Amino acid sequence: EWWEKERSQQTPESKAIEEAAELLRSSDLPVAFPTETVYGLGADATRSVSVQGIYRAKQRPSDNPLIIHVDSLEMLDRLLNPTVKHNPGSPQTPRIAIPPIYKPLLDRFWPGALTIILHNPSGSELAPEVTSKLTTFGVRMPSSPLARLLIHATDRPLAAPSANASTKPSPTTAQHVYHDLQGRIDLILDGGASGVGVESTVVDGLTSPPAILRPGGIGIDEIRQCEGWENVEVAYSDGTLEMKDIPRAPGMKYRHYSPKARVVLFEPTSTMKGVVKHVQKDLQDTAIGAHNIGIIRTRNWKLGLDLTSEDDAKVVDAPIDNLVSFPVPVQETGNPSTCTKMAYDYHLGSDATAIAHGLFSALRALDDLDVDVIYVEGVSDDEGHLSAAVMNRLRKAAGAELRV
Ligand code: TXA
Ligand code: MG
Numbered sequence: 025e026w027w028e029k030e031r032s033q034q035t036p037e038s039k040a041i042e043e044a045a046e047l048l049r050s051s052d053l054p055v056a057f058p059t060e061t062v063y064g065l066g067a068d069a070t071r072s073v074s075v076q077g078i079y080r081a082k083q084r085p086s087d088n089p090l091i092i093h094v095d096s097l098e099m100l101d102r103l104l105n106p107t108v109k110h111n112p113g114s115p116q117t118p119r120i121a122i123p124p125i126y127k128p129l130l131d132r133f134w135p136g137a138l139t140i141i142l143h144n145p146s147g148s149e150l151a152p153e154v155t156s157k158l159t160t161f162g163v164r165m166p167s168s169p170l171a172r173l174l175i176h177a178t179d180r181p182l183a184a185p186s187a188n189a190s191t192k193p194s195p196t197t198a199q200h201v202y203h204d205l206q207g208r209i210d211l212i213l214d215g216g217a218s219g220v221g222v223e224s225t226v227v228d229g230l231t232s233p234p235a236i237l238r239p240g241g242i243g244i245d246e247i248r249q250c251e252g253w254e255n256v257e258v259a260y261s262d263g264t265l266e267m268k269d270i271p272r273a274p275g276m277k278y279r280h281y282s283p284k285a286r287v288v289l290f291e292p293t294s295t296m297k298g299v300v301k302h303v304q305k306d307l308q309d310t311a312i313g314a315h316n317i318g319i320i321r322t323r324n325w326k327l328g329l330d331l332t333s334e335d336d337a338k339v340v341d342a343p344i345d346n347l348v349s350f351p352v353p354v355q356e357t358g359n360p361s362t363c364t365k366m367a368y369d370y371h372l373g374s375d376a377t378a379i380a381h382g383l384f385s386a387l388r389a390l391d392d393l394d395v396d397v398i399y400v401e402g403v404s405d406d407e408g409h410l411s412a413a414v415m416n417r418l419r420k421a422a423g424a425e426l427r428v
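Going by full-length UniProt numbering, the sequence shown runs without a break in its numbering and finishes at 428.
What follows is the structure, encoded as C-alpha cells:
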C-alpha cells in the first residue's frame, strides 16, 4: 500500500525504483542495487540473456551459480510451482513446498542474510545460467526494504551476485560498484552503505546432516540454536581447514575478495613480537624499492607498528580512529627495500559486527592509496557471530599468506 502511494505520487525514490525495474524487465544489462549484506548485480532470473549479462559485466566464471532474491514467500512458492498457475486449482498437480527443515530458519532469519538451497523444480522458470547446471538453486529474501521494493516493482525473482568485478572485494557502497563496473552497466540504485558488510550465510538443508556452505551475515551458533540444525556441518574451507570433499558451494574454489595489494593476515593467535619480526623480514625480502603499507587493525594491536624495531614489539603512537597515515622511520641498512614510505593505519573497531561492516571498504580504500602490502589483524571466534565470515573473507583475500 505504501508503495502504491509512493508510486502514484511519483517521488524521486519511486521514479528511480521504477526506472530500475523497467530496465530489469527489458534490458540485457544488469542493474546494481543495495541489499543489507552487500550490493547486488541483479537481473531477471527467468531471462537467459539478462542473466548472461551478469556474468559478462562481472567477468565471472560461468560455473559459479547465482543467488535468487525474492520479495515474499508467495514469489518463492510460484518459483517452486511453475506449472500450477497454468492449471489453477488442478487437483492432479501436487504443490511443492519448502522442505520443513528450513522452517525454523526462515521464521527466525527471513527476511535477512540467509540463503537456502532448494531443488530446482521440473519445468522451472529459472534461466539455466542461474544454476550453472546444478539441480539446485540458492534463494534469499533480503531485509533491505529498497531491495524488496525493487523485486516487487519488477515482479520477477532477481538473480544477483555481489556487484564487484570478479575476484575483487565485494561492494558495500554504490561508489564501490561504480569503481568496478562503470561503463559495463547502466544503472546503480544508491541506498547508502550496506549494514552487514559481508554476504549472506549459505545453508544446505537438503543433505543430512545439513551443512553451512558459506559463512556470512547469520552466525553459525545462531543457526545451531534452531531445531534440526544442532549438528549442522561446516562444509566450507577457508584455507586453514582441510577440505574433505570437493567444494560443495561452487564459488568457494575461486580467488576472492582480493585487492591489488598483497594481503598478509595475522591469525588471532599471533603475538605482537611475532608480527613485528614477520613484517621486518617481509619488507626486507620483498624486491620493491620502497613500500607503502596498509595496516588493518581490529583489537589487539592497540597502536601502530614501529617497523624498525629489532627485538621488541615497539609501537608508534597513533590515533586509533579511522584511517590515519604516518611516516615510518627508515632504518639505515643500505638496503633500499627496507624503506617504507608511508603506513596507512585503519582501525575497524573491536567487535566482529563493526569489522564486517567496514572490512571490504577498508581493503578498497587501501588499494586506492596504492599500498603494496596490507597487514591485517584477524579476529577470534569469541568476538561475535560475524567472526567466522570475517575470517573466511580475510583468509581468502590473503590466499596462502597466513601467518600464525
Ligand atoms: O549476500 C549475498 O548473498 C549477496 C547479495 C547480493 O545478496 N549475494 C551473493 O551472491 O553473495 P554471490 O553470487 O556472490 O554468491 C553466490 C554463492 C556461490 O558462490 C555459491 O557459493 C552459492 O552462493 N550458491 C549459489 N547457488 C548454489 C547452489 N545451487 N548450490 C550451492 N551453492 C550455491
Ligand atoms: Mg561474490
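Glycine included, every Cβ here is placed at the ideal spot set by N, Cα and C. In this text the structure is predicted, and so the values were computed from the model without any measurement.
- Around the beta-carbon of LEU205, 16 or more other beta-carbon atoms lie within 10 Å, marking it buried.
- The ligand MG has a heavy atom closer than 7 Å to the beta-carbon of SER194.
- When DSSP assignments are scanned along the region 160-199, the uninterrupted stretches of alpha helix (DSSP H) that are 4 or more residues long and fall wholly within it turn out to be 169-178.
- Here LEU97 is exposed, its C-beta having fewer than 16 other C-beta atoms within 10 Å.
- Here the distance from the Cβ of SER86 to the nearest heavy atom of the ligand MG is not below 7 Å.
- DSSP places LEU410 outside both helix and strand once states are collapsed to three, so it counts as coil.
- With a threshold of 7 Å, the Cβ atom of PRO185 counts as near the ligand MG, since some heavy atom of the ligand is closer than that.
- Using a C-beta cut-off of 8 Å, the region 391-404 makes no contact with the region 207-227, since fewer than three inter-stretch Cβ pairs fall below that distance.
- Taken through DSSP and simplified to helix, strand or coil, THR225 comes out as strand.
- Here SER411 is buried. Its C-beta has 16 or more other C-beta atoms within 10 Å.
- Here the region 220-235 makes contact with the region 375-382; the two share three or more CB pairs at distances below 8 Å.
- Between the C-alpha atoms of GLU425 and SER74 there is a straight-line separation of about 37 Å.
- Sorting ALA171, LEU174, PRO292, PRO181 by C-alpha distance to the C-alpha of PHE161 places PRO181 at the top.
- Taking 8 Å as the cut-off, the beta carbon of ILE242 is found closer than this to the beta carbon of ALA137.
- PRO58 is not a Cβ neighbour of PRO193, given a cutoff of 8 Å.
- Relative to the ligand TXA, the beta carbon of PHE384 is positioned no closer than 7 Å to any heavy atom.
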